[in-house]
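S.K.: Attaching a single structure in structure tokens format; questions to follow.
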Ligand SMILES: C[S@@+](CC[C@H](N)C(=O)[O-])C[C@H]1O[C@@H](n2cnc3c(N)ncnc32)[C@H](O)[C@@H]1O
């Protein structure tokens, strides 16, 4: 008898503390800025409402670098991917505060590169 295959996962979630502000941003802003995973290719023109150069960031961490680069390059569209809840909350909070147009995916990168 063979063991069943485990699904591939390319990350291990760090157990970090989620602050109240990060939790609130995660829960309230993800529906607004999050890009839900779909099996079909994303329509980026529709997602961002324009055709522009695009950058995919795999692992945006707490989002400081992402926000800095995105704010410095308004001509470019950014899609940031992160799986760590405090990081997702932190980036979403900064997107909201700075009025950035930035899609945020909470996917394991394996799925979005397939
Ligand atoms: C070193 S930190 C990123 C720092 C950030 N890019 C910066 O320059 O400040 C790496 C991040 O990648 C995320 N990560 C690791 N594997 C991932 C995966 N398979 N999919 C999405 N994010 C992942 C981790 O949760 C972590 O926050």
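Numbering (our numbering), first residue to last: 1075 to 1188.
All C-beta atoms in this analysis are idealised placements derived from N, C-alpha and C, irrespective of residue type, glycine included.
1. Express the C-alpha separation of residue 1154 and residue 1147 in angstroms, rounding to a whole number.
2. So, residue 1085 versus residue 1157, is the Cβ gap smaller than 7 Å?
3. Using only CA atoms, which one of 1151, 1145 and 1141 lies nearest to residue 1166?
4. Quick check: the Cα distance between residue 1138 and residue 1150, rounded to an integer number of angstroms?
5. Look at the Cβ atom of residue 1160, then the Cβ atom of residue 1090, and state whether they are nearer than 7 Å.
6. If you measure between the beta carbons of residue 1103 and residue 1170, is that distance less than 7 Å?
7. What residue from 1145, 1096, 1095 and 1120 has the CA that sits closest to residue 1172's CA?
8. Beta carbon of residue 1082: closer than 6 Å to some heavy atom of ligand 1?
9. Would you tell me roughly how many angstroms separate the C-alpha atoms of residue 1131 and residue 1143, rounded to the nearest one?
10. Going straight from the alpha carbon of residue 1152 to that of residue 1077, what length do you get?
M.R.: So, from the listed chains and residues:
1. Those two C-alpha atoms are separated by around 14 Å.
2. Pairing residue 1085 with residue 1157 gives a Cβ-Cβ distance under 7 Å.
3. Taking only the C-alpha atoms, the option nearest residue 1166 is 1141.
4. The alpha-carbon atoms of residue 1138 and residue 1150 are separated by roughly 17 Å.
5. Closer than 7 Å, so yes.
6. For residue 1103 and residue 1170, yes; Cβs fall inside 7 Å.
7. Each of 1145, 1096, 1095 and 1120 was checked against the Cα of residue 1172, and the nearest Cα belongs to 1145.
8. No, the Cβ of residue 1082 stays beyond 6 Å of every heavy atom of ligand 1.
9. Taking the straight line joining both Cα atoms gives about 11 Å.
10. About 40 Å.
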